[in-house]
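Enquirer: Number 68 in our numbering belongs to position 68 of the sequence shown; there are no gaps in the numbering.
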Amino acid sequence: MKYVIKESQYNNAIDKFITYQFEPHEEKRTREYPESIFWVKDGEVISEIEKSDYFWINPQIWMNIMNMFSLEYDETQQVIKDWLEEHYKLGELTPVIDVETNLVLEEHYKLK
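(1) Rank Pro-59, Ile-37 and Pro-95 by C-alpha distance to the C-alpha of Leu-84 and give the top, closest one.
(2) Just the Cα atoms here: how many angstroms apart are Gln-78 and Arg-31?
(3) Buried or exposed: Ile-49, going by 16 or more other Cβ atoms within 10 Å of its Cβ?
(4) Could you check which residue in Ile-5, Glu-44 and Lys-51 has the C-alpha nearest to that of Ile-61?
(5) Near Leu-111, which residues of its chain fall below 7 Å by C-beta distance, leaving aside the five closest residues on each side in sequence?
(6) Please report how far the alpha carbon of Leu-90 lies from the alpha carbon of Lys-81, in whole angstroms.
(7) Asn-58: which of Ser-47, Met-66, Met-68 and Tyr-20 sits nearest, CA to CA?
(8) Rank Glu-26, Trp-56 and Ser-70 by C-alpha distance to the C-alpha of Leu-93 and give the top, closest one.
(9) Out of Ile-18, Lys-6 and Tyr-10, which one is the CA nearest neighbour of Ile-65?
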């Protein structure tokens with residue numbers, strides 16, 4: 001049996017899935033990184049908002065979104081960027097994945 005999914009239904013599914021990945025979260029700051037805001041969910045750093053330009057994302061969350069909807073890197077980046085704009089008015093940030101940075105943040109953040 002084939003199912004036809006309208007574009008609006010597809011976009012709604014992406015929005016709900018991304019929301020599920022990031023919500024609910026707490027915003028935290030550290031003295032060592034005063035220019036950053038960390039999103040923490042279930043005791044784990046899931047993202048960092050870098051004051052200037054970037055929204056660093058936990059690699060597992062990035063891959064969950066990418067794999068769930070069979071997206072390429074740039075498509076994943078765009079749907080997260082759209083979600084950030086719609087939900088937080090942060091569309092000027094560039095979503096990126098960076099394993100090394102995330103591991104450093106995890107280690108540093110063990111929230112003080």
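Positions of the beta carbon are idealized from the N, C-alpha and C atoms, including for glycine. For clarity, every value in this text was computed on a predicted model and none was experimentally measured.
Expert: Taking the definition as stated:
(1) Minimum Cα-Cα distance from Leu-84 among the listed residues Pro-59, Ile-37 and Pro-95 corresponds to Pro-95.
(2) Near 31 Å, if we compare the C-alpha coordinates of Arg-31 and Gln-78.
(3) Per the 10 Å Cβ criterion, buried.
(4) Checked all of Ile-5, Glu-44 and Lys-51; the closest Cα to Ile-61 is Glu-44.
(5) Unreliable positioning characterises Leu-111 in this predicted model, as indicated by a pLDDT of 49, which lies under 50. The coordinate reading is nonetheless provided below. Its chain contains Lys-28 as the residues whose beta carbon lies nearer than 7 Å to that of Leu-111, once the 5 sequence neighbours on both sides are disregarded; these appear in chain order.
(6) Distance between the alpha carbons of Leu-90 and Lys-81 is about 8 Å.
(7) Residue nearest to Asn-58 within the set Ser-47, Met-66, Met-68 and Tyr-20 is Ser-47 (criterion: CA-CA distance).
(8) By alpha-carbon distance to Leu-93, the top candidate from Glu-26, Trp-56 and Ser-70 is Trp-56.
(9) The shortest C-alpha separation from Ile-65 is found at Ile-18.
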